[in-house]
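So that you can map any letter, position 139 of the sequence shown is 139 in full-length UniProt numbering, and since no number is skipped, the others follow by simple counting. A virtual CB, placed ideally from N, CA and C, is assigned to each residue, including glycine. Structure record follows, encoded as structure tokens.
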Amino acid sequence: MPLRSQEHATHGAVMLDSDTTRFALWAPDAQQVEVERADAAPIPMQRRDDGWFELSLACPAGTRYRYRIDGVLSVPDPASRGQPEGVHGYSQVQGHAYTWLHPQWQGRPWHEAVIYEVHVGLLGGYAGVAEHLPRLAALGVTAIELMPIGQFPGARNWGYDGVLPFAPQCSYGSPRQLKALIDQAHGLGLMVLLDVVYNHFGPDGNYLHRYASGFFREDRHTPWGAAIDFRRRQVRDFFIENALMWLHDYRFDGLRLD
């Protein structure tokens, strides 16, 4: 069964069962899009009138893929759930297998919040942060807030120039290690919050302008370029689905919006 946040997801690669994955890309500027797997020939996606391209095929967890636009440009999935080779590399289909040790965790009252902000790279990645949790709990910390971890270029930085917001930064560890970090924190009575960036994309690795220019509006600008056009439903759904992924699939206790 799909994860709860993926049951009605419109963007990205969603595993429908253990062997089948549904791919969906909003690319209104493209005439043709293919799913290009690392170990197989490209397969054309079906184009709808509203700019969506879709395809379901036998594709297990761990499969590396990208989208080929109009036969000339290969790009990662903007809703990639895993990006092991960085912002310019293949995306990776993510499975659902993780057994939570503390599935009944319900969080803590907000008035108890003593928040410790964490730069994940500085503490050695997801596993490194997990090693510090007992010390932080002993200090009286009741919540940790992770600085942005949506995939950004390079091995480490502040995280505010991310371009693939569904993919946990690969240089910090795997999606499974991130879940284990959150699970361990809950076992120690710690809430885990996440800093998310929904007001801009970084410039390096952002391919959306090449096939989905409607993601942006030219009458509003940020220091990083054209502003994101939240007037469009496809754009709003992209970020709503991202928030649901962090809260449902990873069990973060809350989000801080940049």
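Give, in chain order, every unbroken run of the alpha helix (DSSP H) that is at least 4 residues long and sits entirely within the UniProt domain "Glycosyl hydrolase family 13 catalytic" (124-240). 125-139, 175-187, 208-211
For the beta strand (DSSP E) that Val14 lies in, which residues bound it at each end? Your numbering for residue 14 matches position 14 in the sequence shown. From DSSP, the beta strand (DSSP E) with Val14 extends over 12-15.
Backbone CA spacing between Leu16 and Val93 [nearest angstrom]: Numbered from 1 along the sequence shown, position 16 holds the residue referred to as residue 16. Numbered from 1 along the sequence shown, position 93 holds the residue referred to as residue 93. Approximately 11 Å between the Cα atoms of the pair.
Our contact map puts Gly12 next to Ala27 with C-beta atoms below 8 Å; I'd like the distance itself, whole angstroms only. Residue mapping note: residue 12 aligns to position 12 of the sequence shown, counting from 1. Residue mapping note: residue 27 aligns to position 27 of the sequence shown, counting from 1. At roughly 13 Å, the Cβ-Cβ gap does not stay under 8 Å, so Gly12 and Ala27 are not in contact.
Based on DSSP bridge pairs, tell me the residues matched to Gln94. Taking the first residue of the sequence shown as position 1, residue 94 is located at position 94. Per DSSP, none; premise fails for Gln94.
Option in Leu247, Arg251, His221, Tyr211 with minimal Cα separation from Ser74: As a first step, residue 74 must be located in the sequence shown, where it is residue number 74. Among Leu247, Arg251, His221, Tyr211, the Cα nearest to that of Ser74 belongs to Tyr211.
Quick one: residues in its chain with C-beta nearer than 6 Å to the C-beta of Arg4, no 5 flanking neighbours on either side, listed in chain order? One-based indexing of the sequence shown puts residue 4 at position 4. Only weak support exists for where Arg4 lies, its pLDDT of 47 falling under 50; the coordinates are left without a value.
Contacting residues, own chain, Cβ-Cβ under 6 Å from Arg22 (five flanking each side not counted): Within the sequence shown, the letter at position 22 stands for residue 22. Correct list, in chain order: Val14, Leu16, Ser56.
To which residues of the same chain is Asp229 closer than 7 Å at the C-beta, ignoring the five residues directly before and after it? Here residue 229 refers to the residue found at position 229 of the sequence shown. So the list reads Gly214, Phe215, Phe216, Arg217, Val235, once near-sequence residues are dropped.
Given 8 Å, three or more beta-carbon pairs between the region 62-78 and the region 105-114: no
Take the Cβ of Val72 as the centre, count every other Cβ of all protein chains shown within 10 Å, and call the residue buried at 16 or more, exposed below. For the purposes of this step, residue 72 is identified with residue 72 of the sequence shown, where counting begins at 1. So Val72 counts as exposed.
Here's the rule I'm using: 16 or more other beta-carbon atoms within 10 Å means buried, otherwise exposed. How should Leu164 be labelled? Your numbering for residue 164 matches position 164 in the sequence shown. Per the 10 Å Cβ criterion, buried.
Per DSSP, which residues does Gln46 bridge with? Please list them. Taking the sequence shown and counting its residues from 1, one reaches residue 46 at position 46. DSSP, once it has assigned bridges, lists Glu54 as partnering Gln46.
To the nearest angstrom, report how far apart Gly128 and Pro44 are at their CA atoms. In the sequence shown, residue 128 corresponds to position 128, counting from 1. In the sequence shown, residue 44 corresponds to position 44, counting from 1. About 42 Å.
Is the Cβ-Cβ distance between Asp29 and Ala58 less than 8 Å? Within the sequence shown, numbered from 1, the residue matching residue 29 stands at position 29. Within the sequence shown, numbered from 1, the residue matching residue 58 stands at position 58. Cβ distance not < 8 Å, so Asp29 and Ala58 don't count as in contact.
Boundaries of the beta strand (DSSP E) in which Ser105 is found, first to last residue: Mapped onto the sequence shown, residue 105 falls at position 105. It is Trp, not Ser, that sits at residue 105 in the sequence shown. Per DSSP, Trp105 belongs to no beta strand (DSSP E) and is neither H nor E.
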